[in-house]
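Below is one structure, written out as structure tokens; comments come after it.
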Amino acid sequence: MSKSSTTVEVRILDKEYLVACPQEEQEALLRAARHLDNKMREIRSSGKVFGTERIAVMAALNITHELLERDTMSHATSNLLRAMDNRLDEALGESSGN
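Residue numbers (the working numbering): -8 to 89.
Encoded structure:
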């Protein structure tokens, strides 16, 4: 079963873009576009970065950094939970053996 694709108009930094997107992913695309637009506006309003291309690259770097940090935190949390689970199994094994 193929996904039907539709064209969605998104607006980022006052410029319109047409993006092909499966119908069921339109809301996610619009949320992503709003997020990117907000990040780019924040960077532009800081006055430290000039030019749309540079602003876009900085926004992409910032968003990528945030995602990698979340992934790292998620991985660290998984490792901690796994270690706690192992210790709990060991402790329960010791107590049932007594």
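Note that beta-carbon positions come from the ideal geometry of N, C-alpha and C, so glycine has one too.
Exercise. State yes or no: is the C-beta of M31 within less than 9 angstroms of the C-beta of A50?
Key: It is a contact, given that the beta carbons lie within the stated cut-off.
Quiz prompt | Cα-Cα separation, E0 to L83 | solution = Computed Cα separation, rounded: 57 angstroms.
Quiz item: Since I3 contacts L27 with CB under 8 angstroms, what's their CB separation in whole angstroms?
Solution: The Cβ separation is near 6 angstroms, so the contact holds.
Quiz item: What residues in its chain sit with their C-beta under 7 angstroms from that of L9, if we drop five residues either side in the sequence?
Solution: Beyond the five residues adjoining it in sequence on each side, L9 comes within less than 7 angstroms, by CB distance, of T(-2), E0 in the same chain, given in chain order.
Practice problem: Out of S(-4), R25, K6, E57, point me to the one whose CA is closest to R12's CA. | Solution: Note on residue identity: the sequence assigns Cys, not Arg, to residue 12. Looking at the Cα atoms, S(-4) is the closest of the given residues.
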